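Residue numbers (the numbering used here): 3 to 471.
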């Protein structure tokens, strides 16, 4: 039995750990945030041990009460974390033994820190998905959807290669983000299925000779299944890497949003106005209104991508089963989780407090030949092959550029001098407003289509709310 201050694993050693070693290997400074999961797992494990007769009911009662006292102290800030205890598992076990004595020493029966941390991390990631990622993504989608409903008829230019392309509705532009964040939701939901598997009972890597009931523990902790292979279960961190990969891709979407809106908020564009509460000023230039929140979203994404790369690099050279390198997985996981959570929260607030400048958008659609593509399609409707129609419209655009005018400013005679099939009805196809009203393909960027898209998202939202009750 270890004496006070001695490590639980120290009996076979002839020397105490060097002070530098203790400082270097400790993880309590960052893994203490796992305490709710470590306690939940320990109580479930104790209940199982009592259920199969490996500990008595008095021991179980003492363990439950001991953890209840510890939890109260942690929540009220009175618990003293001691770095000498190395990690969250040893810190809580030491605190339990200090309170209840011998029953606390029975708790680690048929358990290793290897399967214990695998459990804690799965519980943590499951909560990160359920309590943070899914609801925060839903909130962000909701803000985009609400904004889209205000701008169903509003028209704006779209861009490819950062050059004006075709006219679209503002609502269609906003709904594109709803789609992107929906894919992020789906990735997290799909990951949850793989996370929700209980590794406890795998021991250090080979299981246990004792008659434990792994499925009883899994049921108590809300898992749908147990891991099949004890070696894989203790060394598996795929679910952490997957979480960070899903988070990194979600972060890409946030960064693209930030990039768009930083540009749109410039004096050169003036497409949007971001609420003052989400901008800052300059210490020198009194006129400045800087979109710092969006810039920091864009900047913090690098930290999240770094967490993913860090996790991949951490895992790539490990031999089978648990290795101490995996202690560092929590640094990457916590950083990635915290960064995305904070970014999603503030992104939703920015969307909620941003308005589109309709006059500026309308003016922007009047230049740049946004109706050129629909003019080519008009010619196709006149039985002109598309490639030929493309060339004809290209010549008309070049003619307009020389005259410093738009296609709608050309006379019918000018049109017909290039293509005889063009008739007076051509003017019904020109200007941005006419173009968006003529989009017909399913999923297009016109008002009729976005109304259907909004109805789809409203219906899905209603179904999800009903399912969550």
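For each residue, glycine too, the CB sits at the ideal point set by N, CA and C.
Keep in mind that this is a model prediction, so the values were computed, not measured.
Burial is judged here by how many other beta carbons sit within 10 angstroms of a residue's own beta carbon; residue 46 has at least 16 and is buried.
Residue environment analysis places residue 94 among the buried positions, since at least 16 neighbouring C-beta atoms fall within 10 angstroms of its C-beta.
Note that the C-beta distance between residue 307 and residue 130 is not below 8 Å.
The C-beta of residue 295 has 16 or more other C-beta atoms within 10 Å across all chains shown, which makes the residue buried.
In this chain, residue 371 is not harboured by any beta strand (DSSP E), its DSSP state being neither H nor E. With the rule of 3 Cβ pairs closer than 8 Å, the region 231 to 246 does not count as touching the region 267 to 282. Secondary structure in the region 37 to 106: the alpha helix (DSSP H) runs of 4 residues or longer, each lying completely within the stretch, are 37 to 53, 59 to 77 and 90 to 102 in chain order. A distance of 8 Å or more separates the beta carbons of residue 48 and residue 212.
Nearest to residue 284 by alpha-carbon distance, out of 276, 190 and 293, is 293. Sixteen is the threshold: when 16 or more other Cβ atoms of the shown chains lie within 10 Å of the Cβ of residue 50, as they do, the residue is buried. Only residues of its own chain outside the window of five on either side were considered, and among them 168 have a CB closer than 7 Å to the CB of residue 375, listed in chain order. Residue nearest to residue 365 within the set 159, 422, 304 and 393 is 159 (criterion: CA-CA distance).
According to DSSP, residue 200 shares a beta bridge with 228.
For residue 231, the number of other beta carbons within 10 angstroms of its own is below 16, and it is reported as exposed.
Non-local C-beta neighbours of residue 357 in its own chain, meaning closer than 8 Å and more than five positions away in sequence, comprise 274 and 275, ordered along the chain. Taking C-beta atoms as the reference points, residue 372 and residue 431 fail to come closer than 8 Å. Taking 8 Å as the cut-off, the Cβ atoms of residue 255 and residue 190 do not count as close.
For the 8 Å CB-CB criterion, residue 36 and residue 69 do not form a contact. Exclusion of the five residues before and after residue 138 leaves 343, 346, 347 and 350 as the residues of its chain whose Cβ lies within less than 8 Å of its Cβ. Boundaries of the alpha helix (DSSP H) around residue 313: 294 to 318. Between residue 456 and residue 151, the alpha-carbon positions lie close to 7 Å from each other. Remark: C-beta atoms of residue 237 and residue 178 do not approach each other more closely than 8 Å. Judged by DSSP secondary structure, residue 160 falls within the beta strand (DSSP E) whose first and last residues are 157 to 162. Within 10 angstroms of the beta-carbon of residue 407 lie fewer than 16 other beta-carbons, which makes it exposed. In the DSSP assignment, residue 169 falls outside any alpha helix (DSSP H) and within the unbroken beta strand (DSSP E) covering 165 to 171. Taking C-beta separations shorter than 6 Å and ignoring five residues to either side along the sequence, the partners of residue 334 in its chain run 309, 312 and 313, following chain order.
Per DSSP, reduced to three states, the secondary structure at residue 358 is strand. Taken through DSSP and simplified to helix, strand or coil, residue 341 comes out as helix. In the structure shown, residue 31 falls within a helical segment according to DSSP collapsed to helix, strand and coil. Secondary structure within the region 414 to 469: the alpha helix (DSSP H) runs of 4 or more consecutive residues, fully enclosed, are 414 to 420 and 434 to 440 (chain order).
The alpha-carbon of residue 331 is positioned some 18 Å away from that of residue 38. Bounds of the alpha helix (DSSP H) holding residue 257 are 240 to 266.
The beta-bridge partner set that DSSP reports for residue 111 is empty. Taking C-beta atoms under 8 Å as the contact rule, residue 219 and residue 202 qualify, at a distance of about 5 Å. Between residue 411 and residue 399, the alpha-carbon positions lie close to 11 Å from each other.
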